[in-house]
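Asker: Residue numbers (this note's numbering): 3 to 485.
Heads up, the beta-carbon is just placed ideally off N, CA and C, and yes, glycines get one too.
#1: With a 10 Å radius around its C-beta and 16 neighbouring C-beta atoms as the bar for buried, classify residue 311 as buried or exposed.
#2: Cα separation between residue 466 and residue 473?
#3: Is the beta carbon of residue 218 closer than 7 Å to that of residue 138?
#4: Under the rule that 16 or more other beta-carbon atoms within 10 Å means buried, what is residue 57, buried or exposed?
#5: Examine the Cβ distances between the segment 108-120 and the segment 433-451 and report whether three or more of them are shorter than 8 Å.
#6: Could you pull out every residue in the same chain whose Cβ sits closer than 8 Å to the Cβ of residue 226, ignoring the five residues on either side in sequence?
#7: Quick check: what's the CA-CA separation for residue 158 versus residue 182?
#8: Have a look at the DSSP bridge pairing and note the partners of residue 384.
#9: For the putative contact between residue 309 and residue 286, defined by C-beta atoms under 8 Å, what is the C-beta separation to the nearest angstrom?
#10: Reducing DSSP to helix, strand and coil, say where residue 66 ends up.
#11: Could you spell out where the alpha helix (DSSP H) holding residue 276 opens and where it closes?
#12: Roughly how many angstroms lie between the CA atoms of residue 396 and residue 301, to the nearest whole one?
#13: Using a Cβ-Cβ cut-off of 6 Å (strictly less than) and excluding sequence neighbours within five positions of residue 319, which residues of its own chain qualify?
#14: Going by beta-carbon coordinates alone, are residue 278 and residue 356 separated by less than 7 Å?
#15: Taking residue 411 and residue 459 to be in contact with their CB atoms under 8 Å, please state how far apart those CB atoms are, rounded to whole angstroms.
#16: If residue 433 and residue 406 are in contact, beta carbons under 8 Å, what's the gap, nearest whole angstrom?
#17: Taking one C-beta from the segment 249-256 and one from the segment 320-334 each time, how about it: are there three or more such pairs within less than 8 Å?
#18: Determine the burial state of residue 62: buried for a count of at least 16 other Cβ atoms within 10 Å of its Cβ, exposed for fewer.
#19: With DSSP collapsed to three states, give me the class of residue 377.
#20: Among the residues of its own chain, which have a CB less than 7 Å from the CB of residue 485, if the five just before and after it don't count?
#21: For residue 408, is the classification buried or exposed, using 16 other Cβ atoms within 10 angstroms of its Cβ as the cut-off for buried?
#22: Where do the ends of the alpha helix (DSSP H) carrying residue 214 lie?
#23: Just the C-alpha distance for residue 478 and residue 267, rounded to the nearest angstrom, thanks.
#24: Using the three-state DSSP reduction, which class does residue 481 fall into: helix, strand or coil?
#25: Take residue 40 as the anchor and find which of 51, 26, 50 has the nearest alpha-carbon.
#26: Using only alpha-carbon positions, find the residue among 243, 184, 192 that is nearest to residue 206.
#27: Have a look at residue 190 and residue 259 and give me their C-alpha separation to the nearest angstrom.
#28: Between the Cα of residue 363 and those of 351, 350, 31, 343, spot the shortest distance and give me the residue it belongs to.
#29: Near residue 79, what residues of its chain come up, given a Cβ to Cβ distance below 8 Å and the 5 sequence neighbours on each side ignored?
#30: Rounded to whole angstroms, what is the Cα-Cα separation between residue 428 and residue 435?
#31: Beta-carbon within less than 8 Å of residue 54's beta-carbon, same chain only, minus the 5 sequence neighbours each way: which residues are those?
Dropping the structure here:
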C-alpha cells in the first residue's frame, strides 16, 4: 500500500470539506451572530491541514491509480477525519465544548444518523444549526462521492472510492465513467432537494427552517431546527411533504435517475422498491390500527402519525411528530424492527437495506422448498435475474455480522450501566443510522447523559453502519496491511 496517494487524496478531501464551511459562515455573517469566528477558524484549520497534506504528499505520477485497499482506507479515514474537523465549529463556538460530544454530533451528522447530544437546539446560532444540517445533507449522498466528482480533475481515479462508499449493493453504474456517475447522482439529489424546499415554503415554513428540514429529509438524517422536531409545526401538510421526500430518499437513486430520463419501466418493475413500499404500507396499517384502538379517538389522526413515524424510521430519517416511546408496545416493536430493515440499496438510508432482507427471505424459502423437493435445482432470483452465489454469501455474511455487532455493542452498553431496552435500542438506532431510540434515549430526550465511553461506542456504531460494516472491518484483517 502506498501512503503518499492516500495522504494526498485525504488532503484534497479536507481542503474541500473546509470550503463547505463557507456556507454556514455566510449564514452567520448574514444574521450577524457571534459564531462567524468559529467558522473562520474552522475553515482555516481544515483547509489549511488539507492543503499541507496535499502538497507535502503529492506523488510524482501525473495520474494516480488507487488500489482497492487504498480506496477502503481513504473512505474510512475520510469519514473519521470529517467527524473530527467537522466538529471544530461546535467546540470553538462552545456549543459542544468537549471532543466527545462534538465528535458524536458530527459523526451523527455525516452518517445521517440524527442522534444528538444538544438539549436546546433553538438557542444555537443560525450558522451552527445550518452546518449541523449540512453535515447530514453532504453525508446523505456521500461526502466521498462529492469528492469523487471533483478529484478526477486532480488526477485521482475514483472507482475504488465509489465502490467502498456507495450505500448498499448497487448493481449498475448510471453512466460509463465513475465521475459522471457521481455527478449524475448529485444532480438528481439537488433537483429533488430544491423541489422539496419549494413545497415546504408553500406549507408556510420559513426559508431557514425549510432549507434545514429538506436537507435532513433528503439525507434521511433527522436533525431539526426545533427541540420537538417536526411536531413543533403541527401541520398535516408539512408532515405529508416530509413523508413523500423521506420515502423518495429511501429509494434507490439510480431509479430516480432512470425515471428522470424517461425509463419508467425500470422504476415500477424494481423488486426492491415494491418490497420497500409494501413494507411501509403493511407497517403503517398495523400501527394505525394499534394507535386507533389505544391512543387516538379518530382513524385520521392515527393514520397521520403512523405513516409519518413508519416512513421516518424505515428510511432511517428519525424525524418525529409524536413521542413514540409512549405508544403501545406493539407499535414500538414494529418501529424497532423497521430500524433493522432500513431503506433501499443506493438510497441515503441506513440499516441492513431492503434488498438484503428480501434476499435473505428468498434464501430461507429456497431452503424450505429444498426440504420438500431435495433433488430440485433452485436458484434465488431478484426480479428476472438469478442472484450469483458469491453475492448471496456476501449478503448472508453481512446479515450475520450486522446482528453480531448489534449484540456485542448492546452488551458493551449494558456493561456501562444501561438497562436492556435502552442499550439495545441505542445500538439499533445508531447502527441503523436512525436517530431516536427507546428507553432513556427516546424522542423526548437526547444522548447528552450517555456515558462518555458509551458515546464513543455509539459513534463507532454510526460509522460502521454507514459504511456498511465491510469497509471498516476489512481494515482489522492483518492481511489487509501486508504487501
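Answerer: This is what the structure holds:
#1: Flag for residue 311 reads buried.
#2: Going by the C-alpha atoms only, they are around 8 Å apart.
#3: The Cβ atoms of residue 138 and residue 218 lie closer than 7 Å to each other.
#4: Classification for residue 57: exposed.
#5: Contact between the segment 108-120 and the segment 433-451 is present, because at least three Cβ pairs lie under 8 Å.
#6: Cβ neighbours of residue 226 beyond the five flanking positions: 123, 214, 215, 218, 232, 234, 321.
#7: Here residue 158 scores only 43 on pLDDT, less than 50, and its place in the model should not be relied on; the value that follows carries that caveat. Taking the straight line joining both Cα atoms gives about 14 Å.
#8: For residue 384, which the question treats as bridged, DSSP gives the partners 387.
#9: Contact annotation, residue 309 with residue 286: C-beta distance approximately 5 Å; criterion of less than 8 Å satisfied.
#10: Annotated three-state conformation of residue 66 is strand, per DSSP.
#11: Start and end: 273-296.
#12: Computed Cα separation, rounded: 43 Å.
#13: Here the set comprises 222, 224, 248.
#14: Against a cut-off of 7 Å, the Cβ pair of residue 356 and residue 278 comes out as a contact.
#15: Right, their Cβ atoms sit about 6 Å apart.
#16: Contact flag wrong, Cβ pair sits at about 11 Å.
#17: Short answer: they don't touch.
#18: It counts as exposed.
#19: Coil.
#20: Within the same chain, residue 485 has no close Cβ partners at all.
#21: Buried, since its Cβ has 16 or more Cβ neighbours within 10 Å.
#22: For residue 214, the uninterrupted alpha helix (DSSP H) segment begins and ends at 209-220.
#23: Residue 478 and residue 267 have their C-alpha atoms roughly 42 Å apart.
#24: Here DSSP, grouped into helix, strand and coil, assigns residue 481 to helix.
#25: The closest CA to that of residue 40, considering only 51, 26, 50, is found on 26.
#26: Taking only the C-alpha atoms, the option nearest residue 206 is 243.
#27: Annotation: residue 190 to residue 259 spans about 6 Å, alpha carbon to alpha carbon.
#28: Answer by Cα proximity: 343.
#29: Around residue 79: 8, 12.
#30: Near 10 Å, if we compare the C-alpha coordinates of residue 435 and residue 428.
#31: Around residue 54, the same chain offers 13 as residues with beta carbons nearer than 8 Å, after the five sequence neighbours per side are excluded.
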